[in-house]
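Colleague: For the record, the sequence lines run as chains C and P. Per the UniProt record's numbering, the first sequence runs over residues 1 to 307. Per the UniProt record's numbering, the second sequence runs over residues 1 to 307. In this text, a Cβ means the ideal position worked out from N, Cα and C, and glycines have one as well. In this text, all values refer to a predicted model and were calculated from it rather than measured experimentally. Quick one: this structure, given as structure tokens, is what I'll be asking you about.
2 protein chains.
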Amino acid sequence: MLPSRVTLVDVGPRDGLQNEKQPVAAEHKIELVHRLQSAGLREIEVTSFVSPKWVPQMADNAQVMAGLRRRAGVRYSVLVPNLKGLEAALQPARDGWPDEVVVFGAASEAFSQKNINCSIAESIERFAPVVAAAREAGIKVRGAISCALACPYEGEVSPDRVEQVVRLMQGIGVQHVGVADTIGVGTPRRVQAAMERALKHYPLAEVSGHFHDTYGQALANIYACLELGVHCFDASVAGLGGCPYAKGATGNVATEDVVFLLHGLGIETGIDLDALVDTAAFVSGVLGRKPVSCVANAVLAKRGVPA
Amino acid sequence: MLPSRVTLVDVGPRDGLQNEKQPVAAEHKIELVHRLQSAGLREIEVTSFVSPKWVPQMADNAQVMAGLRRRAGVRYSVLVPNLKGLEAALQPARDGWPDEVVVFGAASEAFSQKNINCSIAESIERFAPVVAAAREAGIKVRGAISCALACPYEGEVSPDRVEQVVRLMQGIGVQHVGVADTIGVGTPRRVQAAMERALKHYPLAEVSGHFHDTYGQALANIYACLELGVHCFDASVAGLGGCPYAKGATGNVATEDVVFLLHGLGIETGIDLDALVDTAAFVSGVLGRKPVSCVANAVLAKRGVPA
Chain C
1 MLPSRVTLVD
11 VGPRDGLQNE
21 KQPVAAEHKI
31 ELVHRLQSAG
41 LREIEVTSFV
51 SPKWVPQMAD
61 NAQVMAGLRR
71 RAGVRYSVLV
81 PNLKGLEAAL
91 QPARDGWPDE
101 VVVFGAASEA
111 FSQKNINCSI
121 AESIERFAPV
131 VAAAREAGIK
141 VRGAISCALA
151 CPYEGEVSPD
161 RVEQVVRLMQ
171 GIGVQHVGVA
181 DTIGVGTPRR
191 VQAAMERALK
201 HYPLAEVSGH
211 FHDTYGQALA
221 NIYACLELGV
231 HCFDASVAGL
241 GGCPYAKGAT
251 GNVATEDVVF
261 LLHGLGIETG
271 IDLDALVDTA
281 AFVSGVLGRK
291 PVSCVANAVL
301 AKRGVPA
Chain P
1 MLPSRVTLVD
11 VGPRDGLQNE
21 KQPVAAEHKI
31 ELVHRLQSAG
41 LREIEVTSFV
51 SPKWVPQMAD
61 NAQVMAGLRR
71 RAGVRYSVLV
81 PNLKGLEAAL
91 QPARDGWPDE
101 VVVFGAASEA
111 FSQKNINCSI
121 AESIERFAPV
131 VAAAREAGIK
141 VRGAISCALA
151 CPYEGEVSPD
161 RVEQVVRLMQ
171 GIGVQHVGVA
181 DTIGVGTPRR
191 VQAAMERALK
201 HYPLAEVSGH
211 FHDTYGQALA
221 NIYACLELGV
231 HCFDASVAGL
241 GGCPYAKGAT
251 GNVATEDVVF
261 LLHGLGIETG
271 IDLDALVDTA
281 AFVSGVLGRK
291 PVSCVANAVL
301 AKRGVPA
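As structure tokens, this is what we get:
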């Protein structure tokens, strides 16, 4: 039995746009969020509160959050790397806060060392005061587990490692875990094995999948997760966000492609695919390139839009 | 239980190249087949014996077949539209014959009428003498059922229609049926429903799937077929063969992407993925464009080949 309804979190405005060489104007980011919510997205990862020294693309985080025309029933999340980031996210008056913050850790020791210069356990321990402060403020905390299938430095990552991170995150009070195949090399059975470790510690409603289409496997992996009952996935409109570990390669799975799969399976998403394709066309126009989405390109071709 | 071994039929040289505007030289087609067999492909759809008036891209069919350096254990197939095509394919001495011929029919009445100007039943009845003559000559006959999930003219196609074509094909002696999602809109459960109708009449070993990645669903559909035990699929190196019904859109699923899925699931294919990616790079070079394959592009990017 597949789930009857699935929630998609569009991570395009944050995860997608953070790798763009040309900065995208705050007004375009805001319009992107507005278009996503009009298309029916109910969870949107808007920006990150990371030092502009590291991620200049998100330096306009406060401006974007302040510019949102919030819609009832939509959850806006932001990524925070530390307490300073959380404090910045909670700087404005309460109605400018995110509904949710995302913290993160890698399931690969090598990745953790190279990327954030500390062990997995240390990296998650450092988030403990962030999680406590966010929950104190009434904000939900989601934990993203990167390299949950494999790592660019050490290759395959075992489900044991995923479970270790899941338990560490649970230990500091993280309320939802996302299992992320950062380099996109996972295939269905290995993805199920990783997911099952998260499901040992979190209920179905609090586990999500985050897949990259670098090797074209994302939809097969999502289908395999649906078979486990998982009903929350990240995706990125227009496939925004190339894979930084393989230049020219595809990154985040496109939200349009996931919606097509889900609707074809008779699963409700609340999303209007045509409006979502319009949104993909909008942001692709801003970036001056074609969407990285089979569905968007097929639908636009059918409408007679030149490639 | 997934199958432990899967056979892939590379249809790139025929189904892939038949839509190219610029004709590809016979020597390049021959090299493509040679590279595919060196990479481990054991079934290759080489060309078609269709009137050059309709498909000028395959006018060199006899030259290509005559130029093959045949390898033991490899099956070479050709598409034939009628008795005249079969006779042409069997024109040379026996060692120049194909091992298999492919006949075809649509599961959509509208498509059949528009494409071949007769009803489904008539179109298959017309193949009866072709099948008889091929089998008489000791050549295996495969039947391709196009529009098995949907039709560009009439939309969704029901599994009943697929079963009707399967039975008609069985009635004229077709030994293997391929269920083809010509416009790529199928999703896993609907694909399984269509496949199950073929499996009511043919054994597992004589049913295959042919999927297009137009909407990105091909690998999810193949995974769903594997769950039924289906262990034979068509695929096209470098994703050769755009979708004629949606300009600019992706067509045949790339063999490389399917191999990555299968190997990730621990399923043997006998195919060397690196050599296959080399083959994709070769034919893409001939065509002057990038492969339409996530895996080929990711592997080439990793190797440092400029996009």
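Provide the residue span of the alpha helix (DSSP H) that contains Phe260 of chain P, from first to last.
Modeller: Sequence index remark: in the second sequence, residue 260 of chain P carries index 260 (1-based). Where Phe260 of chain P is concerned, the enclosing alpha helix (DSSP H) stretches over 255–264.
Colleague: Given 8 Å as the limit, is there contact between the stretch 126–143 of chain C and the stretch 80–99 of chain C, that is, 3 or more CB pairs closer than that?
Modeller: yes
Colleague: Would Phe111 of chain C count as contacting chain P if we go by Cβ distances under 7 Å?
Modeller: Stepping through the first sequence from its first residue, residue 111 of chain C is reached at position 111. Chain P contact via Cβ: absent.
Colleague: To which residues of the same chain is Ala198 of chain P closer than 6 Å at the C-beta, ignoring the five residues directly before and after it?
Modeller: Translated into the one-based positions of the second sequence, residue 198 of chain P becomes position 198. Result list for Ala198 of chain P: Val166, Val177, Val179, Val207, in chain order.
Colleague: For Ala281 of chain C, return the contacting residues in chain P, with the cut-off set at a CB-CB distance below 9 Å.
Modeller: One-based indexing of the first sequence puts residue 281 of chain C at position 281. Within chain P, not a single residue places a beta-carbon under 9 Å from that of Ala281 of chain C; the smallest gap is close to 13 Å.
Colleague: Just how far apart, CA to CA, sit Val230 of chain C and Gly40 of chain P?
Modeller: On the first sequence, position 230 is the one that residue 230 of chain C refers to. On the second sequence, position 40 is the one that residue 40 of chain P refers to. So the two alpha carbons sit approximately 37 Å from each other.
Colleague: In chain C, which residues lie less than 8 Å from Tyr215 of chain P when you measure between Cβ atoms?
Modeller: On the second sequence, residue 215 of chain P is found 215 positions in, with the first residue counted as 1. Asp257, Phe260, Cys294, Val295, Ala298, listed in chain order.
Colleague: Suppose only complete runs of 4+ residues qualify. What are the alpha helix (DSSP H) ranges in the stretch 49–112 of chain C, listed by chain order?
Modeller: 61–67, 83–89
Colleague: I need the boundaries of the alpha helix (DSSP H) containing Gly171 of chain C, first residue and last residue.
Modeller: As a first step, residue 171 of chain C is located in the first sequence; it is residue number 171 there, counting from the start. Taken as a continuous stretch (DSSP letters only), the alpha helix (DSSP H) holding Gly171 of chain C covers 159–171.
Colleague: Candidates C:Val74, C:Tyr76, C:Val101: which alpha carbon is nearest Glu87 of chain C's?
Modeller: For the purposes of this step, residue 87 of chain C is identified with residue 87 of the first sequence, where counting begins at 1. Among C:Val74, C:Tyr76, C:Val101, the Cα nearest to that of Glu87 of chain C is on C:Val101.
Colleague: Pairing CB atoms from the stretch 91–100 of chain P with CB atoms from the stretch 131–141 of chain P, are three or more of them under 8 Å?
Modeller: They touch, by the three-pair rule.
Colleague: Could you work out which residues of chain C lie near Tyr223 of chain P, taking near to mean beta carbons separated by less than 8 Å?
Modeller: One-based indexing of the second sequence puts residue 223 of chain P at position 223. Listed by position along chain C, the residues whose Cβ is nearer than 8 Å to that of Tyr223 of chain P are Pro188, Ala220, Tyr223, Ala224.
Colleague: Just verifying my parser: in three-state terms, what is the DSSP assignment at Cys147 of chain P?
Modeller: Here residue 147 of chain P refers to the residue found at position 147 when the second sequence is read from its first residue. Coil.
Colleague: Consult DSSP for Asp272 of chain C and reduce its assignment to one of helix, strand or coil.
Modeller: Numbered from its first residue, the first sequence carries residue 272 of chain C at position 272. Note: Asp272 of chain C maps to coil in three-state DSSP.
Colleague: For Arg303 of chain C, does the count of other Cβ atoms within 10 angstroms reach 16, so buried, or fall short, so exposed?
Modeller: For the purposes of this step, residue 303 of chain C is taken as the residue at position 303 of the first sequence. It is exposed - the Cβ of Arg303 of chain C has fewer than 16 other Cβ atoms within 10 Å.
Colleague: Just to confirm, are Gly241 of chain C and Asp15 of chain C a CB contact at a threshold of 7 Å?
Modeller: Counting from 1 along the first sequence, the entry for residue 241 of chain C is found at position 241. Counting from 1 along the first sequence, the entry for residue 15 of chain C is found at position 15. It is a contact, given that the beta carbons lie within the stated cut-off.
Colleague: Since Ser123 of chain C and Glu109 of chain C are thought to touch, with beta carbons under 8 Å apart, how far apart are those beta carbons, to the nearest angstrom?
Modeller: Within the first sequence, numbered from 1, the residue matching residue 123 of chain C stands at position 123. Within the first sequence, numbered from 1, the residue matching residue 109 of chain C stands at position 109. Not a contact, Cβ separation roughly 10 Å.
Colleague: Note down, in chain order, each residue of its chain lying with its Cβ closer than 8 Å to the Cβ of Glu196 of chain P, except the 5 sequence neighbours on either side.
Modeller: In the second sequence, counting from the first residue as 1, residue 196 of chain P sits at position 196. Here the set comprises Pro159, Leu228.
Colleague: Is there at least one Cβ from chain P nearer than 7 Å to Leu265 of chain C's Cβ?
Modeller: Residue mapping note: residue 265 of chain C aligns to position 265 of the first sequence, counting from 1. Chain P contact via Cβ: present.
Colleague: Using DSSP bridges, identify the partner residues of Ile44 of chain P.
Modeller: Taking the first residue of the second sequence as position 1, residue 44 of chain P is located at position 44. Ile44 of chain P is bridged to P:Asp10, P:Tyr76.
Colleague: Which residues in the same chain have their Cβ closer than 8 Å to the Cβ of Ile222 of chain P, if we skip the five residues on either side of it in sequence?
Modeller: The residue labelled residue 222 of chain P in the question sits at position 222 within the second sequence. Excluding residues within five positions, the ones whose Cβ falls inside 8 Å are Gly209, Phe211, Phe233, Val253, Val258, Leu261.
Colleague: In the DSSP assignment, find the alpha helix (DSSP H) that holds residue 308 of chain P and state where it starts and stops.
Modeller: Nothing can be reported for residue 308 of chain P: it is not among the residues displayed for chain P, which extend from 1 to 307.
Colleague: For Asn252 of chain P, which residues does DSSP report across the bridge?
Modeller: Locating residue 252 of chain P in the second sequence gives position 252, where the first residue counts as 1. Answer by DSSP bridge pairing, in chain order: P:His212.
Colleague: Could you tell me the boundaries of the alpha helix (DSSP H) in which Ala220 of chain C lies?
Modeller: In the first sequence, the residue the question calls residue 220 of chain C occupies position 220. Note, Ala220 of chain C: alpha helix (DSSP H), 218–226.
Colleague: Considering Cys118 of chain P, what are the terminal residues of the beta strand (DSSP E) in which it resides?
Modeller: For the purposes of this step, residue 118 of chain P is taken as the residue at position 118 of the second sequence. Segment: none, Cys118 of chain P is in no beta strand (DSSP E) and carries neither H nor E.
Colleague: So that I know if they touch, is there some Cβ in chain C lying closer than 7 Å to that of Thr250 of chain P?
Modeller: Translated into the one-based positions of the second sequence, residue 250 of chain P becomes position 250. Yes, contact with chain C.
Colleague: Per DSSP, what kind of secondary structure is residue 311 of chain P in: helix, strand or coil?
Modeller: Here chain P covers residues 1 to 307 and nothing more, so residue 311 of chain P does not appear.
Colleague: In whole angstroms, what is the alpha-carbon distance linking Met1 of chain P and Cys225 of chain P?
Modeller: One-based indexing of the second sequence puts residue 1 of chain P at position 1. One-based indexing of the second sequence puts residue 225 of chain P at position 225. Going from the Cα of Met1 of chain P to the Cα of Cys225 of chain P covers about 12 Å.
Colleague: Helix or strand or just coil, what does DSSP make of His176 of chain P?
Modeller: To locate residue 176 of chain P, count along the second sequence from 1; it is residue 176. Of the three classes helix, strand and coil, the one that applies to His176 of chain P here is strand, per DSSP.
Colleague: Indicate the three-state DSSP secondary structure (helix, strand or coil) for Arg5 of chain P in the structure shown.
Modeller: In the second sequence, the residue the question calls residue 5 of chain P occupies position 5. Residue state, collapsed to three classes: strand.
Colleague: Name, in chain order, the residues that DSSP records as bridge partners for Ala235 of chain C.
Modeller: In the first sequence, counting from the first residue as 1, residue 235 of chain C sits at position 235. Answer by DSSP bridge pairing, in chain order: C:Asp10.
Colleague: Rounded C-beta distance between Ala148 of chain P and Ala205 of chain P? I'm assuming under 8 Å.
Modeller: Taking the second sequence and counting its residues from 1, one reaches residue 148 of chain P at position 148. Taking the second sequence and counting its residues from 1, one reaches residue 205 of chain P at position 205. No, Ala148 of chain P and Ala205 of chain P are not in contact; Cβ-Cβ is about 19 Å, not under 8 Å.
Colleague: Quick one: what's Arg142 of chain P bridged to in DSSP?
Modeller: Here residue 142 of chain P is taken as the residue at index 142 of the second sequence, counted from 1. Beta-bridge pairing links Arg142 of chain P to P:Val102, P:His176.
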